[in-house]
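Residue numbers for the sequence shown follow my numbering, so the first one is 1 and each next one is one higher. Beneath this line is the structure, given in structure tokens, with notes to follow.
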Amino acid sequence: SEAGHHLTSILDVNELLGEIVQSIHQTFGYHEVGIGLIEGDELVIKTSSGIRWQDLEGPPVRLGAGDESVMSWVAETGRALYIPDVRRDPRYILWPHTAQTLSELAVPLRTKSGVIGVLNVESDQLDAFDDSDVMVLQSLADQAAIAIENAHFFEAEQRRAEQFRMIAEAGRRMTLTLELDDVLKQMVWLIQKAFGYYHVGIGLVEDNEVVYRFGAGDLWQ
1 SEAGHHLTSI LDVNELLGEI VQSIHQTFGY HEVGIGLIEG DELVIKTSSG
51 IRWQDLEGPP VRLGAGDESV MSWVAETGRA LYIPDVRRDP RYILWPHTAQ
101 TLSELAVPLR TKSGVIGVLN VESDQLDAFD DSDVMVLQSL ADQAAIAIEN
151 AHFFEAEQRR AEQFRMIAEA GRRMTLTLEL DDVLKQMVWL IQKAFGYYHV
201 GIGLVEDNEV VYRFGAGDLW Q
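The following block contains the structure:
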């Protein structure tokens with residue numbers, strides 16, 4: 001209950017995910033705690049707390065739809081999965097840097113719109129979890145899913161507000177000059193910065209041609 005109340009107060013997604021795994025890891029003493037979120041057709045492991053991930057570097061782990069893994073199965077089915085002995089289940093992925101994980105429990109992160117990710121815990125003991133662990137973890141996952149969704153909504157609103165602010169700024173700047181080139185240069189730069197587009201360009205119709213004079217972003221560079 002305390003964890004759920006605390007999570008709903010965090011509106012930064014990355015901070016929230018880190019807090020979830022750290023809180024569960026420290027409170028319940030699970031050997032390994034991780035969270036993966038669904039992005040397109042992949043389950044991306046966003047953060048984890050435990051021995052196995054302390055020295056892990058590089059890009060985040062991505063599990064595709066065709067990957068036979070515990071977390072992928074939970075993400076696809078929307079059902080909890082408990083494996084009392086991972087050595088006997090081919091869905092367990094043995095990482096090169098893995099610790100001595102022997103049992104694993106994964107539950108879906110569900111919202112009204114569907115499954116958005118997976119909360120995964122592991123133990124270095126055989127058959128380490130029981131029905132109460134499943135119930136508690138699913139309860140935490142349900143609260144975490146709501147908090148994650150709220151944080152995503154908040155980020156989207158913040159981004160939208162910044163975009164409108166930049167649009168207003170672009171309009172203000174355009175009224176300050178009568179030089180067409182200056183206006184168009186500022187427009188493409190402000191639009192590219194506000195919306196984060198890979199490329200923004202403006203072409204002007206001259207006679208029977210479109211003359212592509214002004215751009216911003218990687219493609220224009």
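The beta carbon of each residue, even a glycine, is placed where N, CA and C say it ideally should be.
Just how far apart, CA to CA, sit V13 and A151?
Each residue's alpha carbon lies about 6 Å from the other.
Put R62 into one of helix, strand or coil per three-state DSSP. It is a strand residue.
Own chain partners of A194 with C-beta closer than 6 Å, once the 5 adjacent residues on each side are dropped: Hits under 6 Å: Q163 and M166.
- Which residue comes first and which comes last in the beta strand (DSSP E) that contains V107? Unbroken beta strand (DSSP E) run through V107: S103 to T111.
With distance defined between alpha-carbon atoms, name the residue in W189, F129 and V211 nearest to G29. It is F129.
Review point. For L105 versus V121, is the C-beta distance shorter than 8 Å?
Key: For the pair L105 and V121, the CB atoms are nearer than the 8 Å cut-off.
Going by the DSSP bridge assignment, what does E39 pair with across the sheet?
DSSP lists E42 as partners of E39.
What is the residue span of the beta strand (DSSP E) that R213 lies within? Taken as a continuous stretch (DSSP letters only), the beta strand (DSSP E) holding R213 covers E209 to G217.
Which value, in whole angstroms, describes the spacing of the CA atoms of V33 and E19?
-> When the Cα atoms are used, V33 and E19 turn out to be separated by approximately 11 Å.
Handout entry: Sequence-distant residues of its chain with Cβ nearer than 6 Å to L17 (five each side left out)
Key = Leaving aside the five residues that flank L17 on each side, the residues in its chain whose CB is nearer than 6 Å to its CB run, in chain order, I35, K46 and T47.
| query | Is the region 38 to 45 touching the region 110 to 119, taking contact as three or more C-beta pairs under 8 Å? | reply | When C-beta atoms of the region 38 to 45 are compared with those of the region 110 to 119, three or more pairs fall below 8 Å, so the two segments count as touching.
- So, using beta-carbon positions, are L126 and V107 closer together than 8 Å? No, they are not a contact pair.
Is S69 helix, strand or coil by DSSP? In this structure, S69 counts as coil in the three-state DSSP scheme.
Q: Assign H25 to one of three DSSP states: helix, strand, or coil.
A: If DSSP states are grouped into helix, strand and coil, H25 belongs with the helices.
Practice task
Apply the 10 Å Cβ neighbour rule to A168 and answer buried if 16 or more other Cβ atoms are within range, or exposed otherwise.
Solution key: A residue is called buried when at least 16 other Cβ atoms come within 10 angstroms of its Cβ; A168 does not meet this threshold and is exposed.
Margin query: Taking its Cβ as the centre, do 16 or more other Cβ atoms sit within 10 Å of W53, making it buried, or is it exposed?
Written below: In this prediction, W53 has a pLDDT of 48, which is less than 50 and means its spatial position is unreliable; nothing more can be read from the coordinates.
E179 by DSSP, collapsed to three states: which one? Secondary structure of E179 (DSSP, three-state): coil.
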